[in-house]
Amino acid sequence: MAVDQMKTIPAFGYEIVRDSLLSSILGKHEEDVLYWAGKQIARKFPLFSMTEAASFFHEAGWGILSLEKETKDEAYYFLTNEQDLLNIENRCFRLEAGFLAEQMQKNIGFLTECYDEKNVKQNTVKFHVKWDLKEQM
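As structure tokens, then:
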């Protein structure tokens, strides 16, 4: 196989694990565990800067991430993709939120959290990443 070729997982296989298996195993703890898992993934795959986040999301098959706005203590990202691939109605996006929070925290050095908000009609997920300039890590 050529170096530039990537192995891919069929979307159906990914959906089985992400949307059915994980939610049934984790139950009411799904959101908390996935947030922690996203932070763990960020620690294992650190980014040199947040500009790399879009590439990581694409390569991970998480969707198309774009930065909409950034201020001194918060940033807003949007996640989009084809409707059947993003699966907004049935998917929890705390994994991605935890990943963004940890990457931002590592890059800026302040305690950071991320909240996600699904918009089913527009097929987007908005991530609000907020850091505390008084809590240096």
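Heads up, the sequence shown is in the numbering used here, so the first residue is 8 and it goes up one at a time. Note that beta-carbon positions come from the ideal geometry of N, C-alpha and C, so glycine has one too.
Cα-Cα separation, residue i to residue j
| i | j | result |
| --- | --- | --- |
| Glu-66 | Leu-92 | 14 Å |
| Ile-71 | Phe-64 | 7 Å |
| Ser-73 | Gly-34 | 30 Å |
| Leu-54 | Lys-128 | 31 Å |
| Arg-25 | Thr-78 | 32 Å |
| Glu-142 | Lys-113 | 13 Å |
| Phe-117 | Ser-56 | 14 Å |
| Met-144 | Glu-59 | 21 Å |
| Thr-119 | Gln-110 | 9 Å |
| Asp-80 | Ile-115 | 10 Å |
Residues of its chain near residue i, where Cβ-Cβ distance is below 8 Å and the 5 sequence neighbours each way are ignored
| i | result |
| --- | --- |
| Glu-22 | Asn-94 |
| Glu-37 | Leu-29, Ser-30, Cys-99, Arg-101 |
Beta-ladder partner(s) of residue i, from DSSP
| i | result |
| --- | --- |
| Ala-44 | Paired residue(s): none; Ala-44 is not in a bridge. |
| Lys-125 | Val-132 |
| Glu-120 | Lys-137 |
| Ser-143 | Ser is not the amino acid found at residue 143; the sequence shown has Gln there. For Gln-143, which the question treats as bridged, DSSP gives the partners Phe-117. |
Same chain, Cβ closer than 7 Å to residue i, neighbours up to 5 away in sequence not counted
| i | result |
| --- | --- |
| Asn-130 | Thr-87, Gln-90, Leu-93, Ile-95 |
| Ile-48 | Phe-106 |
| Ala-18 | Leu-92 |
| Val-10 | Caution applies to Val-10, whose pLDDT of 49 falls short of 50 and renders its modelled position unreliable; the model cannot decide the point. |
Beta-carbon contacts of residue i that lie in its chain and below 6 Å, excluding the five residues immediately before and after
| i | result |
| --- | --- |
| Cys-121 | Ala-104, Leu-107, Ala-108, Phe-134, Val-136 |
| Asp-123 | Phe-100, Ala-104, Val-132, Phe-134 |
Could you tell me whether the segment 95-106 touches the segment 131-138, where touching means 3 or more Cβ pairs closer than 8 Å? yes
Could you give the uninterrupted runs of the alpha helix (DSSP H) lying entirely in the segment 19-102, keeping only those of 4 residues or more? 29-33, 37-51, 60-67, 90-93
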